[in-house]
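In our numbering, the protein residues as written are 779 to 922.
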């Protein structure tokens with residue numbers, strides 16, 4: 779197997795990994811939206827219950843106690859949801875970082891493949907690149 783064949787197979791693997799990570803990231807974003815909508819629904823229920831509790835506090839003490847228990851449960855649900863949201867954010871961040879790293883690897887490999895194909899088409903380009911690097915190094919040494 780030649781170097782170009784190996785590079786092409788690595789590029790295919792990186793492409794597959796990018797697709798996988800993009801789908802995982804999309805799923806993480808859907809989870810974020812679902813959790814956020816649950817959080818909003820709980821907050822709205824809390825607001826409605828607080829308004830109901832205010833009107834039931836004097837007139838119907840039994841309903842007030844039931845409403846109070848329900849409010850405590852909603853607050854506890856909200857607290858648990860905060861933990862789930864935090865974990866989901868960490869997971870989403872991890873997937874996003876993995877995706878960015880894989881995209882960088884794919885880009886670097888693509889550039890390297892393009893350079894190799896250009897160098898194969900022009901055998902003198904290696905000599906020219908080497909001369910340009912030497913001249914740049916000499917200029918750097920003269921400036922320092």
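Ideal placement from N, C-alpha and C gives every residue a C-beta, glycine not left out.
Out of curiosity, what's the CA-to-CA distance linking residue i and residue j?
i, j, result
"residue 807", "residue 839", "44 angstroms"
"residue 828", "residue 815", "20 angstroms"
"residue 894", "residue 784", "13 angstroms"
"residue 879", "residue 819", "36 angstroms"
"residue 805", "residue 919", "53 angstroms"
"residue 789", "residue 891", "9 angstroms"
"residue 871", "residue 914", "40 angstroms"
"residue 822", "residue 801", "32 angstroms"
Sorted by chain position, which residues of the same chain lie with C-beta nearer than 6 angstroms to residue i's C-beta, five sequence neighbours on each side aside?
i, result
"residue 876", "799"
Excluding the 5 residues flanking residue i on each side, which residues of the same chain have their C-beta closer than 8 angstroms to its C-beta?
i, result
"residue 747", "Only positions 779 to 922 of the chain appear in the structure, and residue 747 is not among them; the question remains open."
"residue 780", "none"
"residue 834", "841, 842, 845"
Tell me whether the beta-carbon of residue i lies closer than 8 angstroms to the beta-carbon of residue j.
i, j, result
"residue 782", "residue 884", "no"
"residue 881", "residue 796", "yes"
"residue 887", "residue 813", "no"
"residue 852", "residue 824", "yes"
"residue 810", "residue 866", "yes"
"residue 889", "residue 803", "no"
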